Amino acid sequence: MEAEKVGTPTALWADAALLNLSSRKTGSPESRELSGKALDHGWENTQRRVQILNAVTLLKHNPYADKVLAALDDSDKAVAAAASTAAKTMKLEKKTKETGPLISTLQPAEVIAQVLKTKGDAELGEQLFTRQTCVACHTTREDEAQSPYLGNIAQTYKREELATAILDPNKTIAQGFATEMFALKDGTQQLGFVTLESADQVKIRTITAQEFTYKVKDIAKREKLPMSMMPPGLVMNLTVKEFASLLDYLQALSKK
1050 MEAEKVGTPT
1060 ALWADAALLN
1070 LSSRKTGSPE
1080 SRELSGKALD
1090 HGWENTQRRV
1100 QILNAVTLLK
1110 HNPYADKVLA
1120 ALDDSDKAVA
1130 AAASTAAKTM
1140 KLEKKTKETG
1150 PLISTLQPAE
1160 VIAQVLKTKG
1170 DAELGEQLFT
1180 RQTCVACHTT
1190 REDEAQSPYL
1200 GNIAQTYKRE
1210 ELATAILDPN
1220 KTIAQGFATE
1230 MFALKDGTQQ
1240 LGFVTLESAD
1250 QVKIRTITAQ
1260 EFTYKVKDIA
1270 KREKLPMSMM
1280 PPGLVMNLTV
1290 KEFASLLDYL
1300 QALSKK
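Counting from 1, position 105 in the sequence shown corresponds to residue 1154 in this note's numbering; the numbering is continuous, with no gaps.
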């Protein structure tokens, strides 16, 4: 992107497009990598950094949350101002004593006790659902690709059970969340959870949201492992209020 074009509406939408390309689940890994490199290069330029932050605000682009928070302390006032706008739009705040203790500093029983009595913000919870990479494996709408569906999760689990399952995914592995190992006849292996299965083929999704379809005749061994695909520790960097917000969002899904 030419420097003289920075700041124009066209340039802003170009950076918005790069942000989308760099984080989309579909498409080639090469296009994601090239888009990411273009943004990283642009971030080194002050004017472009402002523009990227404006594009982040426009999209509420959660993958850039850490950069937005870091830019709040940027020595350039225009960058810091753009970061402040993005942070407000995305409901980001720096972790301080005032925002409350992190989940990682509390015992599980303390966390459960506090989130049961803490009212969060469902809108913030929706953003955290993306920011904490929950969207890599889960869907919240029935018309989305086959994955563990959470649209009615609150009808199955009470708030305490839901919080416990997130804190310790391996404690009780729900149907559709189990990890399976597939050893193929060509010598390769893959871990994932099954999203679709028929008599002659199996489709799985990995923890990085990649999808693979294997013919049953090509599978040498298939084994269900005693662990969830959901890794532990996903909410350890959240405050109690943020965790409560995530739970509020999940519980609100069944009311839509």
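Every residue gets a Cβ at the ideal spot worked out from N, C-alpha and C, and that includes glycine. Computed from a predicted model, the values in this text were never measured in an experiment.
When we look at the beta-carbon of residue i and count the other beta-carbons within 10 Å, is it buried (16 or more) or exposed?
i: residue 1165; result: exposed
i: residue 1297; result: buried
i: residue 1064; result: buried
i: residue 1328; result: In this structure the chain extends from 1050 to 1305, so residue 1328 is not present and cannot be described.
i: residue 1154; result: exposed
i: residue 1052; result: Low local confidence applies: a pLDDT of 43 at residue 1052 is under 50, so the model's placement there is unreliable, with the coordinate-based value given in what follows. By the 10 Å Cβ count, residue 1052 comes out exposed.
i: residue 1156; result: exposed
i: residue 1111; result: buried
i: residue 1055; result: buried
i: residue 1259; result: exposed
Terminal residues of the continuous beta strand (DSSP E) containing residue i?
i: residue 1275; result: 1268-1277
i: residue 1220; result: No beta strand (DSSP E) holds residue 1220; DSSP gives it neither H nor E.
i: residue 1142; result: Premise fails: residue 1142 is in no beta strand (DSSP E) and is neither H nor E.
i: residue 1229; result: 1227-1233
i: residue 1246; result: 1238-1246
Got a sec, what are the start and stop residues for the alpha helix (DSSP H) residue i sits in?
i: residue 1173; result: 1171-1180
i: residue 1117; result: 1114-1120
i: residue 1295; result: 1289-1302
For residue i versus residue j, is the C-beta spacing smaller than 8 Å?
i: residue 1140; j: residue 1118; result: no
i: residue 1102; j: residue 1087; result: no
i: residue 1229; j: residue 1190; result: no
i: residue 1218; j: residue 1275; result: no
i: residue 1149; j: residue 1290; result: yes
i: residue 1161; j: residue 1209; result: yes
i: residue 1239; j: residue 1253; result: yes
i: residue 1299; j: residue 1211; result: yes
i: residue 1136; j: residue 1123; result: no
i: residue 1100; j: residue 1061; result: yes
i: residue 1080; j: residue 1070; result: yes
i: residue 1109; j: residue 1176; result: yes
Using 8 Å for Cβ pairs, my map puts residue i next to residue j. What's the rounded Cβ distance?
i: residue 1200; j: residue 1294; result: Not quite, the Cβ-Cβ distance comes to about 18 Å (not below 8 Å), so this is no contact.
i: residue 1168; j: residue 1227; result: Actually they are not in contact, since the Cβ atoms of residue 1168 and residue 1227 sit about 33 Å apart, beyond 8 Å.
i: residue 1278; j: residue 1242; result: 5 Å
i: residue 1151; j: residue 1288; result: 6 Å
Measure from the C-beta of residue i to each C-beta in chain C and report whether the shortest distance is under 8 Å.
i: residue 1169; result: Absent from the structure: chain C. Only one protein chain is present.
Comparing the CB of residue i with every heavy atom of the ligand NAD, is any distance shorter than 7 Å?
i: residue 1092; result: In the structure shown, the ligand NAD is absent, as is every other ligand, since no ligand is present at all.
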